[in-house]
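Trainee:
Right under this line is the structure:
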C-alpha cells in the first residue's frame, strides 16, 4: 500500500524514472474517496479512519513523512502518478472487494489489459 510509505508522493516519480516506456506500475490501496463526506456510507469507514489516525498517520509523520494515511482516497491516488509523469492511470475493482482499488499506471499512456 502506497499510503504506508513515509514519503508516498516520491514513490511514483522514482518508479516512473526507472520504468521503460512500455512499463507498468501496479499500485494498490484503500477503496475510498479523498474527502470525508465521500466515505460516510463506506462499510469500513470507522475502521479505516481509526487505523488512519491511530497508526498510519503517526508512523508517517514520525518518520518525517507526509502523513497521507489510510483514507487518502482515489482522487489523490490517481493524481500522484499523473503528476509523476504517468500518462494513464486506470482503476480496477475486484468484485465484492470493498477494501481495495487497483491502479495500473503507464508512462506512455498506452492502453493495457
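Residue numbers (the working numbering): 662 to 774. For every residue, glycine included, the Cβ atom is placed at its ideal position computed from N, Cα and C.
For a test of the three-state rule: what should DSSP assign to residue 757, helix, strand or coil?
Mentor: coil
Trainee: Expressed to the nearest angstrom, what Euclidean distance is found between the alpha-carbon atoms of residue 681 and residue 710?
Mentor: 37 Å
Trainee: Only counting the same chain, and skipping five residues up and downstream in sequence, which positions put a Cβ closer than 7 Å to that of residue 712?
Mentor: Only 731 meet the Cβ criterion.
Trainee: What's the call for residue 767, buried or exposed, on a 16-neighbour Cβ count within 10 Å?
Mentor: With a 10 Å radius around the Cβ and a threshold of 16 neighbouring Cβ atoms, residue 767 comes out buried.
Trainee: Please state the DSSP three-state secondary structure of residue 721.
Mentor: helix
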